[in-house]
Structure formats: C-alpha cells, structure tokens
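**Q** First residue of the sequence shown: 44, per this note's numbering; consecutive thereafter. This structure is in structure tokens; I'll ask about it shortly.
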Amino acid sequence: MVEELVAVGLTLGSVGAVYAMAAARVIKQYERGVVLRLGKLQSSVRGPGFTMIVPLVDRLHRVNMQIVTMPVPAQDGITRDNVTVRVDAVIYFKVMDAAEAVVEVEDYRFAVSQMAQTSLRSIIGKSNLDDLLSNREKLNQGLELMIDSPAIGWGVQIDRVEIKDVSLPETMKRSMARQAEADRERRARVINADAELQASKKLAEAAHEMSEEPAALQLRLLQTVVAVAAEKNSTLVLPFPVELLRFLERAQQAVPSQPQPQSQGNHAEPGKLPDSGPGDAEAGELGPAAGSRSGQD
Numbered sequence: 044m045v046e047e048l049v050a051v052g053l054t055l056g057s058v059g060a061v062y063a064m065a066a067a068r069v070i071k072q073y074e075r076g077v078v079l080r081l082g083k084l085q086s087s088v089r090g091p092g093f094t095m096i097v098p099l100v101d102r103l104h105r106v107n108m109q110i111v112t113m114p115v116p117a118q119d120g121i122t123r124d125n126v127t128v129r130v131d132a133v134i135y136f137k138v139m140d141a142a143e144a145v146v147e148v149e150d151y152r153f154a155v156s157q158m159a160q161t162s163l164r165s166i167i168g169k170s171n172l173d174d175l176l177s178n179r180e181k182l183n184q185g186l187e188l189m190i191d192s193p194a195i196g197w198g199v200q201i202d203r204v205e206i207k208d209v210s211l212p213e214t215m216k217r218s219m220a221r222q223a224e225a226d227r228e229r230r231a232r233v234i235n236a237d238a239e240l241q242a243s244k245k246l247a248e249a250a251h252e253m254s255e256e257p258a259a260l261q262l263r264l265l266q267t268v269v270a271v272a273a274e275k276n277s278t279l280v281l282p283f284p285v286e287l288l289r290f291l292e293r294a295q296q297a298v299p300s301q302p303q304p305q306s307q308g309n310h311a312e313p314g315k316l317p318d319s320g321p322g323d324a325e326a327g328e329l330g331p332a333a334g335s336r337s338g339q340d
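Okay, here's the thing in structure tokens:
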C-alpha cells in the first residue's frame, strides 16, 4: 500500500513538474506578453518577468517594445519637375499597444515596411528636385505623417523618418555641375565689376586732386618709375613730360627776333661762332634781355 502511494506521489509530482515546465514563461524587460486563450484575446497583457499560462489552451505572443530601425528600400520615381531619381530612407518606430499589434495586423513589421515604401514614392511624385536635395526636413515630416496615420490603428508609433540618399542620373549631375559653375562665374564677374567701379571712383578722386597740384602728378610719375625699375628684367620707357616742352616753347618765344650786333674786334668766319670774352660771358649770364639792351645802346 505504501509503495502504491509513493508511486502515485511520484507520478503526480512528475506530472506537476511537466505541467509547470509547460506552463512557465519568462518575459524579458523589453517585451510584453499577449495571451490568446482558445483563440480569444485576454484583457491583461503580461508584463516582464515570470508568468504562467495554461498548456494546450493558452498561446503566448511576445511583442518587442524596443525602437525598431528599418531601412526602406530605394525607390525609383519621377519628381514633379520630371526628373528621374532614386531615393532611399530609414524609419524608426516602436510598438505602443502590444495587443493591437498582434490582433489588428498580421505582421506589423511587414506592414510598416510596405507603407513606408508607398509613402516614399508618393512623396517623390509630389516634390521637386530642389526640395529633395535641400528641403529634406520638411519632406521627412510629411513622410512621417503619411506613415503614422494608418500605423496608429496597428498599435505602432512612428518615431521618425529620414531620407538617406537621393541618386541622380549622370546627365543630371553634369547639368547641375555646369549650372553651379556658371553661377559662380557670374558672381565672380559681378564682384570684379564692382571692384572696377570702386577703383574707378577712387582713381577719379585722385586725378581730381592731382590736377590741382601738377607737382603731385610728377611725384606719382617718379614713384611709378621707381616701382618699375625695381625689376631688373624689364625695359623702362620714360615719357617726356609735356610741361617741359611748354616751358621750352615759352622760353623760345621770349627771345627777340632781330639779330644781335657783333663786336668790331671779333670777326667770325662763316659757320663759326665768335670767341666770347669776359664781357660776353657776363652778357650771356644776364640772359637774352641784357643782350638786347646792349644792342640798342
């Protein structure tokens, strides 16, 4: 009798151990457990830690509550300004309601991926090329709203969506490079023209100041000569100042037109100048005016 009781006890213990092993579940910290009893959803969602279910009756679904990073495959599309582009993106989302993520959608990851691809193509068709290249933040927000609207009913929250890369055809890249080069050349020409305008104004002011003082113009000419002469391998062509020519012309006009009388003691041969004595030297030092007075006397 005792042996039978021991055997029954061992059997019950074995059955209990097997039942406990079959019913015991461990849910991790970042997971939530959704229990379906005979196919019906249980109201309580199992939290992290140790939990028990009814074997062969309950079915436990573990749902990851971490933020999921999912790359969106590159999508080919035509922008609103008829440019063929290839755009890829990345989406960050997490499950907010584990029960809805299990019941409302068959595979929430696949559903979010397909919705992201569809929304990305829609964004490409509604945007211009310049918006895809320079205004990505606004497109990211619009893409996030388009994906988040249906995902709310699946118990999924879209954290953020970002466009990673925009691939352009080679012909379009070359056209954009030529456009950028032309724009930079235009700006360079405008800057050069502005510099020439400012320089011309300063030169006009300098010319006006120098016109009032002719000596300043001569000093500037000498400075230019000194600057050019500093280079040994250059040939300097010095212009003859017009002021000097005018001075010589005025000096020539001051000389009288009548010939001066020659002294009796000095008879000059044709083609030779008479020898000048001490008196003639003094007359030469006095200048043309003194010579004219002596002739009149």
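Each residue gets a CB set at the ideal place from its N, CA and C atoms; glycine is no exception. Please read all numbers here as calculations on a predicted model, not as lab measurements.
Considering only the beta carbon of each residue, do Met108 and Val138 sit closer than 7 Å?
**A** It is a contact, given that the beta carbons lie within the stated cut-off.
**Q** Give the secondary structure of Leu79 by DSSP, where H, G and I count as helix, E and B as strand, and everything else as coil.
**A** Correct three-state label for Leu79: strand.
**Q** Restricting to runs no shorter than 4 residues, where is the alpha helix (DSSP H) found entirely within the stretch 98-181?
**A** Here the runs fully enclosed are 141-146, 151-169 and 172-177.
**Q** Between Ala361 and the rest of its own chain, which residues show a CB-CB distance below 6 Å, the 5 nearest in sequence each way excluded?
**A** As shown, the chain starts at 44 and ends at 340. That puts residue 361 outside it, with no answer to give.
**Q** Give the straight-line distance between the Cα atoms of Arg232 and Ser218, rounded to the nearest whole angstrom.
**A** Answer to the nearest angstrom: the Cα atoms are 21 Å apart.
**Q** Could you round the C-beta distance between Gly120 and Gly168 to whole angstroms and report it? I think they count as a contact, below 8 Å.
**A** With 8 Å as the limit, Gly120 and Gly168 qualify as a contact, their Cβ atoms being about 6 Å apart.
**Q** Does the separation of the CB atoms of Tyr135 and Ile166 fall below 7 Å?
**A** Cβ atoms of Tyr135 and Ile166: not closer than 7 Å.
**Q** For Val268, which three-state DSSP category applies?
**A** If DSSP states are grouped into helix, strand and coil, Val268 belongs with the helices.
**Q** Using DSSP with H/G/I as helix, E/B as strand and the rest coil, what is Ala67?
**A** Residue state, collapsed to three classes: strand.
**Q** Per the DSSP calculation, Leu84 is bridged to which residue(s)?
**A** According to DSSP, Leu84 bridges with Leu79.
**Q** Within this structure, are the beta carbons of Ala141 and Tyr151 separated by less than 7 Å?
**A** Going by C-beta atoms, Ala141 is not nearer than 7 Å to Tyr151.
**Q** What do you reckon, are the CB atoms on Ile206 and Ser162 nearer than 7 Å?
**A** It is not a contact, given that the beta carbons lie outside the stated cut-off.
**Q** Would you say Arg80 and Asp101 are within 7 Å of each other, going by their C-beta atoms?
**A** Cβ atoms of Arg80 and Asp101: closer than 7 Å.
**Q** By the 10 Å Cβ neighbour count, where 16 or more other Cβ atoms means buried, how is Ser192 classified, buried or exposed?
**A** Exposed.
**Q** Apply the 10 Å Cβ neighbour rule to Ser170 and answer buried if 16 or more other Cβ atoms are within range, or exposed otherwise.
**A** With 16 or more Cβ atoms within 10 Å of its Cβ, Ser170 is classed as buried.
**Q** Since Val106 and Ala66 should fall inside the 8 Å C-beta cutoff, what is the C-beta to C-beta distance between them, to a whole number of angstroms?
**A** Not quite, the Cβ-Cβ distance comes to about 20 Å (not below 8 Å), so this is no contact.
**Q** Compute the Euclidean distance between the alpha carbons of Val209 and Met215, then round it to the nearest angstrom.
**A** So the two alpha carbons sit approximately 12 Å from each other.
**Q** Apart from the five residues on each side of it in sequence, which residues of its chain come closer than 6 Å, Cβ to Cβ, to Ala159?
**A** Taken in chain order, the residues that qualify are Val115, Ile134 and Ile190.
**Q** Taking Gln222 as part of the alpha helix (DSSP H), name the residues at either end of that continuous run.
**A** Glu213 to Glu255 is the extent of the alpha helix (DSSP H) around Gln222.
**Q** If we ignore side chains and look at the alpha-carbon of each, how far apart do Ile201 and Val146 end up?
**A** The straight-line gap from Cα to Cα measures roughly 19 Å.
**Q** Along the chain, where does the beta strand (DSSP E) containing Gly400 start, and where does it finish?
**A** This structure does not reach residue 400, given that the chain is present from 44 up to 340, and the question cannot be answered.
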